[in-house]
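Working notes for the structure below.
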Amino acid sequence: MTNEHTTNHTPKTWYVATGTNHIYIRASNERYVARLNDDGQAIADAAFIVQACNSHDGLLAALKDLLGSFDLVPDAQETCECLHCGRKYPIEDEKIKDYCPSDDCPGFKARAAIESATKEG
Ligand SMILES: [Zn+2]
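Mapping of the sequence shown onto the numbering used here: position 104 corresponds to residue 105, and the numbering continues sequentially without gaps.
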């Protein structure tokens, strides 16, 4: 994968803090990461942001570990059987693809999720 995150965000763990008229997202180093107007929805949004951000690195690492570095079933190079969806896909130009081309394959979706989670901007 390319486009790995290179931004230096505030170190985690982040948490939600409440104020008089605002909801805050704060970091374990006490830095204020964000302030939301307390409109009744903000605390749920802040909690979701905190949960997603605190879980990001662990989920990404686990997904990469589960996905592995290719989709072929070991010892299936002649058949090109996908480890994730079980489909057999063609060898093109006598070249074996490392990744399953089916866009509904769990492996394909996992690679797309990793790409989305690690792209800049
Ligand atoms: Zn597949």
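By construction, the Cβ of each residue, glycine as well, lies at the ideal position given by its N, Cα and C atoms.
Check your understanding: Shortest alpha-carbon distance to D66 belongs to which of N9, N22, T19, G108?
Key -> Measuring from the Cα of D66, the nearest candidate turns out to be G108.
Exercise for review: Give me whichever residues DSSP pairs with C83 in a beta bridge.
Suggested key: Beta-bridge pairing links C83 to L73.
**Study point:** I115 versus L64 - alpha carbon distance
**Key:** Rounded to the nearest angstrom, the two C-alpha atoms are 8 Å apart.
Practice item. Tell me, to the nearest whole angstrom, how far the beta carbon of A111 is from that of L68; I am working on the premise that it is less than 8 Å. Key: Indeed, because the Cβ distance is near 5 Å, the residues count as touching under 8 Å.
Review point. When the Cα atoms are used, what is the spatial distance from K98 to C81?
Key: Rounded to the nearest angstrom, the two C-alpha atoms are 8 Å apart.
Point to revise | Cβ-based burial, T19 [other Cβ within 10 Å; buried from 16] | key: Flag for T19 reads exposed.
Check your understanding: When the distance is taken between beta carbons, is V17 closer than 8 Å to A48?
Key -> Here A48 is near V17, since their CB atoms are less than 8 Å apart.
Point to revise | Terminal residues of the alpha helix (DSSP H) in which T19 lies | key: Note, T19: premise wrong, no alpha helix (DSSP H); beta strand (DSSP E) at 15-19.
Exercise for review: Could you give the DSSP three-state label for N38: helix, strand or coil?
Suggested key: In the displayed model, N38 falls within a strand according to three-state DSSP.
Practice item. Return the residue from the list K13, P102, C83 that minimises the CA-CA distance to S56. Key: For S56, the nearest C-alpha among the options comes from K13.
Check your understanding: What's the C-alpha gap between G59 and Q52?
Key -> Take the alpha-carbon of G59 and the one of Q52: they are about 12 Å apart.
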